[in-house]
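Residue numbers (the working numbering), protein chains in the order written: chain A, 38 to 293; chain B, 38 to 293; chain C, 38 to 293; chain D, 38 to 293.
The following block contains the structure:
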């Protein structure tokens with residue numbers, strides 16, 4: 038990792054906000070992306086440069102040039118998943134495989150990009166009664182859990198429950214409980230290609246979850262964890278290798 | 038797997054029962070081991086021969102001869118873990134590494150054998166207020182979850198909560214929620230050597246959990262899953278292999 | 038698992054064979070699918086009914102009706118991946134998520150269905166010099182490794198080498214070495230939705246690998262392992278659950 | 038992680054060296070521990086303070102005070118595993134569970150501490166013919182693989198081959214091939230309690246492997262990866278938690 042600041046991009050479909058929903062705007066006058074970006078700036082300081090993009094921007098704000106200048110992408114979407122163009126999804130996918138980190142948030146579980154990275158439906162059970170969510174750490178040594186209380190208490194949240202149709206996670210960091218009795222694997226990690234993926238479910242447009250200091254800390258920890266370990270490159274390719282190629286002058290190729 | 042019946046041994050420290058605890062004896066007049074053995078016989082029928090052994094038996098009922106005739110061992114212990122001899126623990130450990138399956142139940146999380154198999158403290162958080170436990174399946178395609186309702190409802194149970202200090206499981210099958218809000222990874226699997234390990238937490242001496250039909254089904258499924266895939270042998274050894282040993286007359290050795 | 042025979046379908050693009058390639062036809066006069074189907078019939082006997090389908094069949098031989106009658110699908114493709122229709126791929130994908138097992142073979146690593154299930158490029162390094170491949174078992178207790186020698190010796194094979202761009206496997210069963218010095222994770226498993234996925238790399242159209250008795254055994258073991266544990270259903274869906282739904286009359290729903 | 042330098046301790050049984058073995062002393066005049074410590078100092082610079090300890094030191098150089106001042110321990114042993122006292126092993130084990138990182142090297146696979154952390158025999162196949170070892174990266178995005186060529190070429194090494202009797206790794210980073218055709222999972226990671234464990238097999242007393250610049254880089258990367266994420270504490274304990282304990286004044290406890 039170089040000492041240059043991490044280039045972090047917070048993407049939000051920004052539909053609830055621009056539809057004038059008073060509850061959402063009450064919590065997030067600058068949009069969910071604005072709240073998250075502010076939180077990351079506060080936590081990461083000079084270690085990161087944080088920008089935002091939304092669905093209505095040209096190319097959804099995710100042009101080749103923008104992605105080429107992004108180390109970690111955060112993704113929030115809910116009611117407009119199908120308005121995200123397949124071309125942009127393919128572009129984001131390739132960038133993740135090349136090494137860009139991605140944090141998929143809450144209802145982003147049903148986004149095209151997350152389903153494509155997972156290979157499953159990513160479906161779940163849900164209910165929106167404003168229940169208390171308790172977020173329990175099951176991997177206390179993991180960098181994403183550093184400085185996080187046991188449990189995180191979120192007074193009001195949408196319920197997300199099992200079964201959550203995801204692949205067996207590489208690492209399970211958080212498991213949530215809801216007042217109604219359901220549980221949910223709320224913080225899980227994967228590697229896809231050279232890119233790191235962190236899904237974190239707390240955060241709904243109807244509740245001020247992204248103003249919760251512990252949730253903000255998890256997001257900041259997640260960004261640091263998902264940061265590329267080396268340069269982000271093109272996605273991996275199938276290559277012909279002649280016998281003993283690695284003995285040739287100039288030797289072997291960089292692995293990581 | 039041969040068509041011979043599985044040889045299943047249910048081990049119980051049997052201390053609460055023989056101490057005359059009226060609550061425990063009310064639930065388990067034949068001991069916890071008796072109740073579990075009856076349940077397995079009912080579920081597995083002619084596919085298994087189920088016997089029992091307890092702490093006070095000679096060699097804790099776990100002599101070399103007994104272990105050599107055991108395919109799957111179930112382990113229940115609570116207040117007498119330190120009375121189990123290290124020699125017997127080493128013997129059970131070697132048999133698991135050689136291929137015997139083992140189901141570790143409830144307070145067995147703190148048994149010498151489980152801690153030795155895991156390499157961690159296996160500590161957890163606990164409270165005994167007779168709370169409702171909901172056991173949620175997170176791996177619905179797993180053989181151990183077949184025929185199990187979502188969720189299993191246990192009206193009264195001891196609370197076991199995270200953080201549970203175990204290695205990241207090979208497979209996470211069940212996660213439990215308790216009325217007080219805690220969660221617990223209540224059904225997890227591991228492989229150690231050639232042996233399969235299933236830890237399942239529901240089941241306490243003060244509540245009739247082992248009479249619950251869904252819990253009984255999980256135990257029966259667990260026994261089938263943990264059954265050795267081939268003959269159980271000695272634990273693996275470090276061997277010298279001459280160059281090209283696998284090309285010698287008689288060829289290579291069996292892997293599985 | 039019911040006692041009804043497993044319904045196994047071997048799919049092959051069947052392009053090398055129908056193009057009249059004499060080397061391929063020399064090894065596989067009935068097509069690669071024919072050789073594999075014969076091998077599975079020999080190993081599985083009355084436990085399975087084995088049929089075949091190819092790219093040129095209507096709907097590639099993978100109509101809704103055919104898939105609805107398939108428990109385990111084997112997939113071999115090489116030079117015609119892009120001729121497989123996206124609609125059929127989506128159909129197979131949904132069936133896997135619903136519980137159908139799938140074995141992806143050799144150059145099928147680059148098939149649309151495997152890449153969709155994995156979420157990565159599935160690219161690798163390769164060379165076709167007819168080198169010896171040694172297939173080493175690293176999970177001897179796994180059902181897929183039962184009866185398999187250590188190592189399997191394949192006199193001539195195409196080299197497939199790391200890095201293989203796949204997600205961290207749920208289970209790594211086999212690792213191969215080639216005479217040129219490369220290694221490859223040649224047998225790996227995943228679960229996706231309710232379906233089990235086994236990728237196994239040995240097997241090329243230019244060499245008689247599918248006539249190798251040990252390779253045939255692995256395929257047969259793989260089919261048994263990938264068999265659905267319960268009924269195959271639709272892919273999982275996102276559902277609304279009212280508070281305390283599981284306490285309602287009729288109780289909870291089947292998990293597995 | 039604080040900005041204070043990492044406290045790294047390289048432990049070596051130091052028996053080959055002090056027995057006057059001319060081959061070993063030729064490669065390692067300051068002992069294997071001396072060579073490794075020098076390499077770590079060169080790579081880590083001001084980020085670490087590197088010290089050494091050996092078997093013949095009082096308490097093997099692993100007193101409570103020394104361990105309390107150690108963030109990451111490296112362990113090399115071969116012919117004197119049984120001379121390491123059980124008391125010291127228990128102490129190191131507890132410190133790892135409390136958060137100290139540990140790198141177990143080469144023949145340390147058979148050390149008491151590694152077997153205790155793994156719960157398996159950690160046995161393997163071996164041969165010492167001075168064969169070429171190729172170390173292939175299978176997790177190029179992992180921090181331990183950064184800056185490492187694909188493959189690392191070690192001209193002469195002892196062969197370590199599968200089956201290696203370890204638990205399924207949390208992460209598989211490197212797989213080695215030997216000229217004789219064997220493969221070995223040569224770089225694997227685990228978490229035990231709050232501590233991170235990295236086993237790395239290249240490195241034998243008869244060959245100058247620890248002078249190989251790529252091997253040195255892996256060790257330095259491994260030390261950084263294994264560094265504790267927070268303060269190292271006592272090993273986790275089982276605690277009683279009253280209902281709603283997390284709502285009490287002062288709130289919940291730190292998770293990570």
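Even for Gly, the Cβ is constructed at its ideal location relative to N, Cα and C. None of the values given here were measured: they were computed from a predicted structure.
Counting only beta-carbon separations shorter than 8 Å, does residue i have a partner in chain B?
| i | result |
| --- | --- |
| residue 144(D) | no |
| residue 302(C) | Outside the modelled stretch of chain C, which goes from 38 to 293, sits residue 302(C), for which no answer is possible. |
| residue 263(D) | no |
| residue 272(D) | yes |
| residue 214(D) | no |
Determine, for residue i, whether the minimum Cβ-Cβ distance to residues of chain A falls below 8 Å.
| i | result |
| --- | --- |
| residue 183(D) | yes |
| residue 231(D) | yes |
| residue 180(D) | yes |
| residue 267(D) | yes |
Would residue i be called buried (16 or more neighbouring beta carbons within 10 Å of its own) or exposed?
| i | result |
| --- | --- |
| residue 116(C) | exposed |
| residue 66(B) | exposed |
| residue 135(D) | buried |
| residue 165(A) | exposed |
| residue 124(C) | exposed |
| residue 144(A) | buried |
Does the beta carbon of residue i come closer than 8 Å to any beta carbon on chain C?
| i | result |
| --- | --- |
| residue 222(D) | yes |
| residue 247(A) | no |
| residue 174(D) | yes |
| residue 177(D) | yes |
| residue 69(D) | no |
| residue 117(A) | no |
| residue 189(D) | no |
| residue 281(D) | no |
Tell me the residue span of the alpha helix (DSSP H) that contains residue i.
| i | result |
| --- | --- |
| residue 282(C) | Residue 282(C) -> no alpha helix (DSSP H), and no H or E assigned at all. |
| residue 124(C) | 123-135 |
| residue 152(A) | 149-155 |
| residue 166(C) | Unbroken run through residue 166(C) is the beta strand (DSSP E), 162-174; no alpha helix (DSSP H). |
| residue 54(A) | 52-55 |
| residue 270(A) | Counting along the chain, residue 270(A) falls outside any alpha helix (DSSP H), and DSSP gives it neither H nor E. |
List the endpoints of the continuous beta strand (DSSP E) containing residue i.
| i | result |
| --- | --- |
| residue 226(D) | 220-229 |
| residue 324(C) | As displayed, chain C neither begins before 38 nor continues past 293, which places residue 324(C) out of reach and without an answer. |
| residue 191(B) | 189-198 |
| residue 266(D) | Looking at the DSSP string, residue 266(D) is not in any beta strand (DSSP E), and its letter there is neither H nor E. |
| residue 79(B) | Residue 79(B) -> not in any beta strand (DSSP E); alpha helix (DSSP H) instead, spanning 68-81. |
| residue 99(B) | Counting along the chain, residue 99(B) falls outside any beta strand (DSSP E), and DSSP gives it neither H nor E. |
| residue 141(B) | 138-142 |
| residue 109(A) | 109-113 |
| residue 47(C) | 43-49 |
Are the C-beta of residue i and some C-beta of chain D separated by less than 8 Å?
| i | result |
| --- | --- |
| residue 228(B) | yes |
| residue 82(A) | no |
| residue 39(C) | The predicted model places residue 39(C) with a pLDDT of 47, which falls under 50 and marks its position as unreliable, so this point remains unresolved. |
| residue 147(B) | yes |
| residue 171(C) | yes |
Which residues in chain B have a C-beta closer than 9 Å to the C-beta of residue i? List them in chain order.
| i | result |
| --- | --- |
| residue 278(D) | 162, 163, 164, 196, 198, 217, 219 |
Please list the partners that residue i has in chain D, where partner means a Cβ-to-Cβ separation under 7 Å.
| i | result |
| --- | --- |
| residue 156(B) | 153, 154, 155, 156, 229 |
List, in order along the chain, the chain F residues whose C-beta lies closer than 8 Å to that of residue i?
| i | result |
| --- | --- |
| residue 243(B) | Absence of chain F from the displayed structure is noted, the protein chains being A, B, C and D. |
By the criterion of Cβ-Cβ separation under 9 Å, what are the contact partners of residue i in chain D?
| i | result |
| --- | --- |
| residue 209(C) | 205, 206, 209, 222 |
Starting from the beta carbon of residue i, find every residue of chain A whose beta carbon is closer than 7 Å, and list them in chain order.
| i | result |
| --- | --- |
| residue 285(C) | Neighbours of residue 285(C) on chain A: none; closest Cβ ~13 Å, over 7 Å. |
| residue 75(C) | In chain order: nothing, as chain A lies at least about 31 Å away. |
Give a single yes or no on whether residue i has its beta carbon closer than 7 Å to a heavy atom of the ligand PLP.
| i | result |
| --- | --- |
| residue 282(C) | In the structure shown, the ligand PLP is absent, as is every other ligand, since no ligand is present at all. |
Chain-ordered residues of the region 131-142 of chain C with a beta carbon less than 8 Å from chain B: Along the region 131-142 of chain C, the positions whose C-beta sits under 8 Å from a C-beta of chain B are 136, read in chain order.
Contact list for the region 103-116 of chain B against chain D, Cβ threshold 9 Å: Hits within the stretch: zero.
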